Amino acid sequence: MPFIKKYRPLLILFAVAVIARVLFFYTIFNGHGQDLIDSLVLSDGYYEIATNLLEGRGFSHDSMPPFTPGAERMPLYPLFVTGLVYIFKSFWAVLAAQIIIASITPLLAWVIAKYFLTNEKLAFTAGLIMALEPFSVYLSTVLLSETLFTFLFLLGMNFCFKYLEEQNLKNAAFTGFYLGLATLTRPTIEYLPIFIALFIFWKFRKKLSGKLIYQILTMLILFVLVLSPWFWRNYSTFNKLFLTIQPSKNLYMYLVPSAVSLEQNIGLEDARKQFLEEEKKQTSLGIERVYAPENQSFFQKRAVNELKKHPRGLAKSLITTSYAFFSNDGYLTVLQHMGSLRDFRLESSSLTMFFNSPVKLLKKTAELISGPGTLIISGRVIWILIAISFFYGAVFYLRNGPKRKSAELALWSITYFLAATAIIGLAVNARFRESIKVFILIFALYGMSRIYDELKNFFLPRAEKTKIL
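1494 is the number of the first residue of the sequence shown in my numbering; add one for each residue after it.
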């Protein structure tokens, strides 16, 4: 059939993605005693918010009275969950919707990869990895916002890449609209449209026109308009104009303890406990006050002052976070959700242990050599190799690639996510890379193809000479 022949890659990617997710959740569901809620729900508060909304208690993270209005999570994903449960009366609808969205995302990844790569097999490989990569599969079967966020973010970036090729109002408007929806899902990219606007102005500075300025302003205005209901909700609820308390909370609760941990060579949890106990003595404020919007400026200043006392720890944290951003596979989380290795813990990051406690790291690695732990070791090795190929491919793509302007923007987006992740410190995991994973894969596959071609050119002439002799 012509339709199947024309869309065969898309149909294959979609089918593979759906099958992988259904089989994975079937395993999880049985492992959790066929309890749907236990299989879906993690400790990120989305279930509590959705339940409170359904019960008419408002947008609150609390599981018991007084149901204080929440200021940490963004609204779109909880509303997405609430709407589906309200209509279909079951969380099965949320799971089905996430599997469908997560299975469409590899198709979107394939479209973006085709835009960057002239080799269609490489583009299909990028989509296939997005369809089958274990951590991506896992994220689509639990109540986390990454699946919806990644889909909306890639939609926005796809229109942004189109805008770099064809500057028109439609591409600019859809860029702002979808990036706005993505920000309403996760606040990570709240400043990214500003960087995109500056990037476009710089790239088109020699042919800057009123039309282009109007289009970029439209993108930014639409982005802000999409966010405006949430700005208004927070202002009317807390008498303060903001999106989320996450930046200041993460700075105080994660980055400072990470700096202390790395400077004093103690575990992250021990460092956090030590820091918070000292803070409680000095400020007389409990940990619950960190979540109050009116205290954010206060805790931000406290965090900055504390970080100034630990410059070496902060520098180590930034290096460790950068390494983990590219190399963390997340497969331990996947296996623990499946019921394996639930007692396995590392005192600190593998990079820190490599330098400070190599013997302990070897012992921990030895624990993983047999059984399901081999997935973690192989996953870490694979992602380190992908990271190396990414950097190699990025350099050569910027020199010779067909879409260099868009490649620069994609690389700046990766840099933006890396910088935004730094505030998490040692708590960084594979979730923070999920949304720009396809960009990393595109440059990594380009790098691998170059390495393959160079090796072939190096060895093939020798083989031919040997054959002739």
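Don't be surprised by glycine CBs; every beta carbon is placed ideally from N, CA and C. Since we're looking at a predicted model, the values are computed, not measured.
Contact annotation, Phe-1694 with Leu-1685: C-beta distance approximately 15 Å; criterion of less than 8 Å not satisfied. By the Cβ criterion, the region 1593-1609 is in contact with the region 1649-1657, since at least three pairs of Cβ atoms, one from each stretch, lie closer than 8 Å.
Ser-1928 and Tyr-1707 have their C-alpha atoms some 29 Å from each other. For Ser-1833, there is no enclosing alpha helix (DSSP H), since its DSSP letter is neither H nor E.
Membership of Thr-1678 in the alpha helix (DSSP H) is indicated by the continuous run 1662-1678. At the C-beta level, Ala-1602 and Val-1931 come within 8 Å of one another.
Following the DSSP letters along the chain, one finds Ala-1808 inside the alpha helix (DSSP H) bounded by residues 1804-1820. Proximity to Arg-1679 across Tyr-1939, Phe-1910, Ala-1920 and Asp-1946 peaks at Phe-1910, based on C-alpha coordinates. Arg-1765 and Phe-1819 have their C-alpha atoms roughly 25 Å apart. Here Ser-1850 carries a coil assignment [DSSP, helix/strand/coil]. Phe-1692 and Trp-1585 have their alpha carbons spaced roughly 42 Å apart.
DSSP places Pro-1750 within a helical segment (H, G or I) once states are collapsed to three. Here Ser-1638 carries a coil assignment [DSSP, helix/strand/coil]. Separation of Ala-1887 and Ser-1638 (C-alpha to C-alpha, rounded to the nearest whole angstrom) is 29 Å. When DSSP reads this structure, Pro-1562 sits in a beta bridge with Ser-1553. Look at the beta carbons and you see the region 1787-1800 touching the region 1731-1745: at least three pairs across the two are nearer than 8 Å. Excluding its 5 nearest sequence neighbours in each direction, Ala-1903 has C-beta neighbours in its own chain below 7 Å: Phe-1932, listed in chain order. Thr-1618 and Leu-1632 have their alpha carbons spaced roughly 20 Å apart. The Cβ-Cβ distance between Leu-1748 and Gly-1918 falls below 8 Å. In terms of Cβ geometry, Ile-1738 and Ala-1915 do not form a close pair [threshold 8 Å]. If you check the CB distance, Leu-1755 and Ser-1810 come in under 8 Å. Taking the C-beta atoms as reference points, Ala-1543 is found no nearer than 8 Å to Pro-1568. Nearest Cα to Phe-1522 within the set Pro-1502, Thr-1634, Ile-1597 and Ile-1594: Thr-1634. Note that the region 1827-1843 does not touch the region 1879-1894; fewer than 3 beta-carbon pairs, one per stretch, sit closer than 8 Å. Between the alpha carbons of Lys-1499 and Ile-1944 lies a gap of roughly 31 Å.
The beta carbon of Asn-1758 sits closer than 7 Å to those of Asn-1849, all from its chain and outside the five residues before and after it, given in chain order. In this structure the region 1794-1808 does not lie against the region 1845-1864, because fewer than three pairs of beta carbons, one per stretch, are closer than 8 Å.
Of Leu-1834, Tyr-1671 and Ser-1751, the smallest CA-CA separation from Val-1717 is found for Tyr-1671. In the structure shown, Asp-1531 falls within a helical segment according to DSSP collapsed to helix, strand and coil.
Between Glu-1613 and Thr-1640, the alpha-carbon positions lie close to 25 Å from each other.
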